[in-house]
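K.L.:
The opening position of the sequence shown corresponds to residue 0 in numbering that gives the first Met the number 0, with each subsequent residue numbered one higher. C-beta: ideal position from N, C-alpha, C; glycine also. Structure below; questions to follow.
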Amino acid sequence: MRRAVLRSVAAAMVGLALTIAPQGAAQASGTRVGAWSPSMTTGGPSFTDQTVRMVAHSSVAGSDARITLSNRYSSSPLVVSAVAIAPQASGATPVGGSTLTVTFGRSGTVTVPAGQEMVSDAVPITVSAGENLLVSLYLPGPTGTSTWHSDAFDTTYLASGDHSGDESAAAFGSTTTSWYYLAGLDVVPATARGTVVAFGDSITDGYHSSTGTYTRWPDLLADRLGAGPAPQRLSVVDAGIGGNRVLTDVPNIWQGVSALKRFGHDTLGQPGVKDVILLEGINDIGNNAGPGGAPLTAQDLIAGYQTLIAQAHAAHVRIIGGTLMPIKGNGYYTPTAETLRQTVNEWIRTSGAFDGVVDFDQTMRDLNNIASLNPVYDSGDHLHPNDAGMKAMADAIDLQLLRE
Numbered sequence: 000m001r002r003a004v005l006r007s008v009a010a011a012m013v014g015l016a017l018t019i020a021p022q023g024a025a026q027a028s029g030t031r032v033g034a035w036s037p038s039m040t041t042g043g044p045s046f047t048d049q050t051v052r053m054v055a056h057s058s059v060a061g062s063d064a065r066i067t068l069s070n071r072y073s074s075s076p077l078v079v080s081a082v083a084i085a086p087q088a089s090g091a092t093p094v095g096g097s098t099l100t101v102t103f104g105r106s107g108t109v110t111v112p113a114g115q116e117m118v119s120d121a122v123p124i125t126v127s128a129g130e131n132l133l134v135s136l137y138l139p140g141p142t143g144t145s146t147w148h149s150d151a152f153d154t155t156y157l158a159s160g161d162h163s164g165d166e167s168a169a170a171f172g173s174t175t176t177s178w179y180y181l182a183g184l185d186v187v188p189a190t191a192r193g194t195v196v197a198f199g200d201s202i203t204d205g206y207h208s209s210t211g212t213y214t215r216w217p218d219l220l221a222d223r224l225g226a227g228p229a230p231q232r233l234s235v236v237d238a239g240i241g242g243n244r245v246l247t248d249v250p251n252i253w254q255g256v257s258a259l260k261r262f263g264h265d266t267l268g269q270p271g272v273k274d275v276i277l278l279e280g281i282n283d284i285g286n287n288a289g290p291g292g293a294p295l296t297a298q299d300l301i302a303g304y305q306t307l308i309a310q311a312h313a314a315h316v317r318i319i320g321g322t323l324m325p326i327k328g329n330g331y332y333t334p335t336a337e338t339l340r341q342t343v344n345e346w347i348r349t350s351g352a353f354d355g356v357v358d359f360d361q362t363m364r365d366l367n368n369i370a371s372l373n374p375v376y377d378s379g380d381h382l383h384p385n386d387a388g389m390k391a392m393a394d395a396i397d398l399q400l401l402r403e
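Quick look at the structure:
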């Protein structure tokens with residue numbers, strides 16, 4: 000009964016997710032892939048007469064780039080008076096002479112209605128795998144609460160006034176480590192045939208990875224996919240949100256609505272999506288957060304996974320399950336939580352419900368204490384991997400699981 004209810008709720012939210020111009024709109028043509036696309040939440044700051052210059056790290060080579068502006072989690076229309084894009088030289092400085100204007104319906108200004116998104120016209124720019132683009136938005140404001148991605152683990156640059164087309168960093172006197180309104184970069188790929196979506200929580204989002212080094216496990220997976228002797232066949236986008244849960248919304252609003260509510264948009268809405276790697280559930284377990292405020296059971300979490308699997312398969316997308324990693328030493332750990340984690344992991348490994356499994360637990364655990372992270376991979380909080388751990392996670396993924 001609970002499983003049926005979860006499916007009904009998830010299906011309803013998928014229907015709500017597709018607004019004016021979802022990122023997946025290009026998917027039907029088969030000509031575009033997602034190059035970079037953070038998942039967005041509510042609760043960001045308001046802007047007035049400011050330029051926000053953000054870094055988009057492309058996972059794949061391509062051309063004719065488009066960006067997606069998201070006002071999905073804001074309650075008032077978003078006015079953007081100017082948008083520019085350029086390859087990054089360093090910091091807030093673009094490569095000289097490379098800045099291009101981004102238009103929407105051939106207009107240099109765009110208003111994104113509350114709760115919706117807009118995809119730009121294609122820009123005649125070529126990007127390499129692993130290259131950074133600077134995307135600048137001039138926001139005359141006041142914008143009200145922004146749609147954002149709080150934990151970017153990258154640097155965003157702010158300036159007063161309209162400096163969207165500046166080829167100098169002089170006006171950008173302050174920085175943050177969040178992204179605002181910029182929800183996607185997609186391209187016509189040079190060789191790639193599809194997109195892999197890494198879907199999860201702070202571990203996928205890259206918490207405790209080094210800022211600006213692109214050492215999250217999805218970044219490193221993209222590096223692996225591009226490093227082979229054959230041309231790169233898949234791009235990777237990171238749909239992780241710190242603190243996110245499978246079954247329930249997080250009280251901290253910037254940590255996002257549940258996976259059940261956002262999966263259809265953040266994953267199945269990506270251009271060219273072929274595969275999903277799902278690693279989420281440890282926040283449900285650590286907070287004992289079952290449906291309706293009840294204590295969590297393993298069957299609750301398994302039912303949530305089954306709902307996401309059904310959504311992926313209905314969209315003809317493969318979904319690969321990641322086992323949940325050890326937490327002993329962190330405040331999330333209790334003997335009950337550990338039993339839950341082990342039960343859920345056994346189901347992920349043996350049920351056959353997923354199209355494949357990545358055993359992150361086995362890769363990352365301490366062989367002398369399987370309830371704990373390997374100290375070599377522990378960032379220090381006994382929950383999140385360090386950069387070496389992120390690499391181990393990326394290396395644990397059998398590339399043959401991923402469908403071109």
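Any chance you could list the beta strand (DSSP E) runs of at least 3 consecutive residues sitting entirely within the segment 262-312, in chain order?
P.N.:
Segments of the beta strand (DSSP E) lying fully in the segment 262-312: 272-278.
K.L.:
If you run the structure through DSSP and keep just helix, strand and coil, what is Pro217?
P.N.:
Helix at Pro217.
K.L.:
For Ser201, does the count of other Cβ atoms within 10 angstroms reach 16, so buried, or fall short, so exposed?
P.N.:
Burial call: buried.
K.L.:
Thinking Ser234 and Ser58 are a contact (beta carbons under 8 angstroms), I'd like their distance in whole angstroms, please.
P.N.:
Contact holds; Cβ gap of about 5 angstroms.
K.L.:
Return the chain-ordered ranges of every alpha helix (DSSP H) run that is complete within the segment 122-178 and spans a minimum of 4 residues.
P.N.:
Counting whole runs of 4 or more residues, the segment 122-178 contains no alpha helix (DSSP H) stretch at all.
K.L.:
Between the alpha carbons of Met392 and Leu138, how many angstroms are there, rounded?
P.N.:
Straight-line Cα distance between these residues: approximately 38 angstroms.
K.L.:
When the Cα atoms are used, what is the spatial distance from Asn367 to Asn373?
P.N.:
Approximately 9 angstroms between the Cα atoms of the pair.
K.L.:
Kindly provide the ranges of any beta strand (DSSP E) runs that are 3 or more residues long and lie completely inside the segment 223-257, ordered along the chain.
P.N.:
The segment 223-257 contains these whole beta strand (DSSP E) runs: 233-239.
K.L.:
Run through DSSP, which three-state label would Ser45 get?
P.N.:
Three-state DSSP puts Ser45 in coil, outside helix and strand.
K.L.:
Give the secondary structure of Asp405 by DSSP, where H, G and I count as helix, E and B as strand, and everything else as coil.
P.N.:
What the structure shows of the chain is the stretch from 0 to 403, and residue 405 is not part of that stretch, so it cannot be assessed.
K.L.:
If Ala60 sits next to Thr174, beta carbons under 8 angstroms apart, how far is it from one beta carbon to the other, in whole angstroms?
P.N.:
So it is not a contact: roughly 28 angstroms between Cβ atoms.
K.L.:
Give the secondary structure of Met39 by DSSP, where H, G and I count as helix, E and B as strand, and everything else as coil.
P.N.:
Three-state DSSP puts Met39 in coil, outside helix and strand.
K.L.:
Please report how far the alpha carbon of Ser89 lies from the alpha carbon of Ala170, in whole angstroms.
P.N.:
The alpha-carbon atoms of Ser89 and Ala170 are separated by roughly 15 angstroms.
K.L.:
His207: buried (16+ other C-beta within 10 angstroms of its C-beta) or exposed?
P.N.:
The residue in question, His207, is buried, as its Cβ has 16 or more Cβ neighbours within 10 Å.
K.L.:
Using a Cβ-Cβ cut-off of 8 angstroms (strictly less than) and excluding sequence neighbours within five positions of Leu99, which residues of its own chain qualify?
P.N.:
Hits under 8 angstroms: Ala83, Ile84, Ala85, Val122, Pro123 and Ile124.
K.L.:
Would you mind working out which of Ser97, Pro217, Ser177 and Ala182 sits nearest Phe152, comparing C-alpha positions?
P.N.:
Selected option, being the one with the closest Cα: Ser177.
K.L.:
Below 8 angstroms, how does it come out for the segment 207-222 and the segment 258-265: are there three or more Cβ pairs, yes or no?
P.N.:
Taking 8 angstroms as the limit for Cβ pairs, the verdict is that the segment 258-265 does not touch the segment 207-222.
K.L.:
Which class does Leu259 belong to by DSSP, given the choice of helix, strand or coil?
P.N.:
Reduced to three states, the DSSP call for Leu259 is helix.
K.L.:
Counting along the chain, where does the beta strand (DSSP E) carrying Met406 start and finish?
P.N.:
Because the chain here runs from 0 to 403, residue 406 falls outside it and cannot be looked at.
K.L.:
If contacts are defined as beta-carbon pairs under 8 angstroms, then Val32 and Gly193 qualify, I think. What distance do you get, rounded to the angstrom?
P.N.:
Val32 to Gly193, Cβ: 6 angstroms. Contact.
K.L.:
Are the beta-carbon atoms of Ile319 and Phe353 separated by less than 8 angstroms?
P.N.:
A contact, by the Cβ cut-off of 8 angstroms.
K.L.:
Secondary structure at Ser201, three-state DSSP: helix, strand or coil?
P.N.:
Of the three classes helix, strand and coil, the one that applies to Ser201 here is helix, per DSSP.
K.L.:
Pick helix, strand or coil for Gly388, following the three-state DSSP scheme.
P.N.:
Helix, per DSSP.
K.L.:
Give the straight-line distance between the Cα atoms of Gln298 and Asn243, rounded to the nearest whole angstrom.
P.N.:
The straight-line gap from Cα to Cα measures roughly 19 angstroms.
K.L.:
For Glu116, which beta-bridge partners are listed by DSSP?
P.N.:
Partner(s): Ser69.
K.L.:
Quick one: grab the DSSP three-state call for Asn344.
P.N.:
Reduced to three states, the DSSP call for Asn344 is helix.
K.L.:
Determine the contact status of Ser36 and Ala197, defining contact as a CB-CB distance below 8 angstroms.
P.N.:
It is not a contact, given that the beta carbons lie outside the stated cut-off.
K.L.:
In this structure, does DSSP put Val377 in helix, strand or coil?
P.N.:
The question names Val, yet the displayed sequence has Asp at residue 377. Three-state result, Asp377: strand.
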